[in-house]
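Just so you know, we're using my numbering here: the sequence shown kicks off at 70 and counts up by one.
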Amino acid sequence: MAATAAANQSTRGSFATIISLLPYLWPKHEPALRVRLVLATIAMVLAKVATVYVPILYAHAVDQLTHKTADAVILIPAAIIVAYAGVRIAAAAFGELRDAIFAAVQMRASRVVARQTFEHLHGLSMRFHLDRQTGGLSNIILRGTLGIQNVLRLATFNVLPTMIELLLTVGMLWYLFNVWYALITFVAVSFYMAFTFTFTAWRTKFRRQMNETDNEAQTKAIDSLLNFETVKYFGNEEHESRRFDESLARYETASVKSQVSLNALNIGQAIIISAALAVMMLMAAYGVAHKTMTVGQFVLVNTYLMQLYVPLNFLGFVYLQVNQGLIDMEQMFSLLRVNHEITDKPGAMVLAPQGPPAEVRFENVHFSYNPDREILKGISFVAAPGQKIALVGPTGSGKSTISRLMFRFYDTTQGAVLVDD
């Protein structure tokens, strides 16, 4: 039950992440990018139509070569082979055209999200940044940006084309032969996909562990190097190295589990593919033996299956990468959902950055970083324009806190900080 609940929660999180990405894929105020997306989709469909037609030409060439007339041996197969080559070129060209057109959409989406995340982080309070580690935040943005690129590239133009090719192939097998060829192919592919998706969803927890331990290791490394002088003062090099290695060890364990589970997934996929291929080839061989199918049609069945299973075999990797990308994106989008602690009230005036010296007034200011310990207890003073005021007191008395409140890194618990009011 716990595993099912976790899987459902993961699915909901992935779905929410995809919904969050859609506005960047179909931007409101950039019609040129929308046109590119439509053109890329058209190119994708044309590429798959050409791909499905290639085996038919190949089968016709084989049938013609089995005949003994001069025309069949020389003229007709030559024309079919030329057409075969032309259709293959068309399929490849449309596929490359699709990728070239979509590249601008993909890169713009990742750029816009990365910029918005960066701007959002600058708008968050100091409390957020003191509670989080800078190394971990930079890692989340980097992986999230790459995750967007992977999801857009793989899900939109690998998963969808494979589904289109599957439907076209099933339809052609039904039309050219009978419903059993189409049904076996559809059932085998459906079982293959169900196995792949279920197994990969189970493997996702290892990727999450890898992300967490990678963030932890990067944060420790960056913080340790930024505080190089302090580490040297206390001779803590060995201690820092041990802490870093502990995180690396946890990352190593999660990474090994991820790789071993991937190997098990590949074995299961190979069994499903091979079993379906064997059944289909036996049916086709029976048809050739009883003169209900030609040798070319036998080759056609084999070619269709092999051609279809190539992207399906890649689909396992694609699904894994898409899941990894969604996890990485989920972390970055979670940063965008963090609310601003410091916000201006409606109608708040904007301070001129180059105006004359301003008066700063603290009126009965109370402040605490946490409810257990109040730092400032009713502080009041006035700093006139051009006046110099010294803040004197022991460590922890609130000297730095006063400057932070003056720049509004935090809001007061009680009282007011006024500038030229």
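Glycine is no exception: its CB is placed at the ideal position from the N, C-alpha and C atoms.
- The alpha-carbon separation between L405 and G155 amounts to approximately 49 angstroms.
- Nearest C-alpha to A354 among I340, A344, S343 and N371: N371.
- Between S330 and M279, the C-beta gap is not smaller than 8 angstroms, which leaves the two residues out of contact.
- Around the Cβ of H409, a 10 Å sphere holds fewer than 16 other Cβ atoms; the residue is exposed.
- Annotated three-state conformation of L445 is strand, per DSSP.
- Here the alpha carbon of A169 sits roughly 35 angstroms from the alpha carbon of L245.
- Under DSSP, A485 forms a beta bridge with E432.
- With a 10 Å radius around the Cβ and a threshold of 16 neighbouring Cβ atoms, Q393 comes out buried.
- Look at F450 here: in three-state DSSP terms it is strand.
- Judged by DSSP secondary structure, Y438 falls outside any alpha helix (DSSP H); it is assigned neither H nor E.
- The beta-carbon distance between L487 and E432, rounded to whole angstroms, is 7 angstroms. This is short enough to meet the 8 angstroms contact definition.
- Beta-carbon to beta-carbon, A128 and G365 are separated by about 4 angstroms, close enough to satisfy the 8 angstroms threshold.
- Counting C-beta atoms within 10 angstroms of its own C-beta, G216 has 16 or more neighbours from the protein chains shown and is therefore classed as buried.
- When DSSP states are grouped into helix, strand and coil, N296 belongs to the coil group.
- R272 sits in a helix when the DSSP states are folded into three classes.
- Fully enclosed beta strand (DSSP E) runs of no fewer than 3 residues are not present anywhere in the segment 145-179.
- Taking a C-beta distance under 8 angstroms as the contact criterion, M398 and G213 qualify as a contact pair.
- Looking from the CA of I88, the closest CA among L445, T322, S437 and L221 belongs to L221.
- Classified as exposed, V256 has fewer than 16 neighbouring CB atoms from the shown chains inside 10 Å of its CB.
- Each of N219, I341, V357 and S310 was checked against the Cα of D132, and the nearest Cα belongs to V357.
- A straight line joining the alpha-carbon of R196 with that of A421 spans about 26 angstroms.
- Here the alpha carbons of L91 and F402 stand approximately 13 angstroms from one another.
- For the segment 218-250, the full-length alpha helix (DSSP H) segments reaching 4 residues or more read 229-245 along the chain.
- For the pair T254 and T238, the CB atoms are nearer than the 8 angstroms cut-off.
- Below 8 angstroms, enough C-beta pairs join the segment 150-164 and the segment 116-126 to call them touching: three or more.
- Between A224 and G164, the C-beta spacing is not below 8 angstroms.
- The residues M279, T282, D283 and A286, in chain order, have a CB closer than 7 angstroms to that of Y320 in the same chain once the five nearest residues on each side in sequence are set aside.
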